[in-house]
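Sequential numbering of the sequence shown, starting at 759, is according to the working numbering. All C-beta atoms, glycine included, are put in the ideal place defined by N, C-alpha and C. Working notes, structure below.
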Amino acid sequence: MNLLMMIGLVGTPIAGTQFGLDYGRAIWGETQIWWTPMEMALPLEQTGGNFQIFLDGEPLGNHLERNSLTALGSEGLAYFVTPEMVRIRLNNWPQIQASMLHMAVYSAFGLGVSLTCLIAGLVEFFRQPPVPRRRPPQGQAARPVRRQPPGAL
């Protein structure tokens, strides 16, 4: 065995498992747990970069500023909807998913390096000629060969 093959044999399962976990979480992860908590819901003005709501071709914020929206209370009485009443909860899953995929890129790089080491190590291993083994003649047990120092008889 050579060093490249050993690195590949150890690194491939480790990096492969890490890549599988990172990629699996990003693709099949829980998407509904990343909502902004209700206590931290944002006002409409702070969410303009994420989305816009139009009502009859006009932004919702314009309707709220003009007091042109009404709602019915629990007693059945109508009241004007003000901008302070509107709160937005955002699903932050796209940002979380992007960060998970970013981590999956690093583990995929580690997997690629490990597989490259494994393949290069296997190629080197199989290119080396096999070491010939001396077989003892049949019927004789293998015994170590002693070499005599030169000049000694």
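Pairwise C-beta distances place the region 846 to 864 in contact with the region 778 to 785, as three or more of them are shorter than 8 Å.
The DSSP-derived three-state label of Thr828 is strand. When the beta-carbon positions are compared, Leu802 and Thr794 stay at least 8 Å from each other.
The Cβ-Cβ distance between Gly774 and Cys875 does not fall below 8 Å. A Cβ-Cβ distance of about 13 Å is found for the pair Leu822 and Thr805, leaving them out of contact under the 8 Å criterion. The C-beta separation of Ile765 from Ser865 comes to about 16 Å, leaving the pair out of contact by the 8 Å criterion. Within the model, the alpha-carbon separation for Phe838 versus Arg824 is close to 10 Å. With contacts defined as CB atoms closer than 8 Å, Leu880 and Met763 qualify as a contacting pair. For Phe884, the number of other beta carbons within 10 angstroms of its own is below 16, and it is reported as exposed.
Collapsing the DSSP output to three states places Arg847 in coil.
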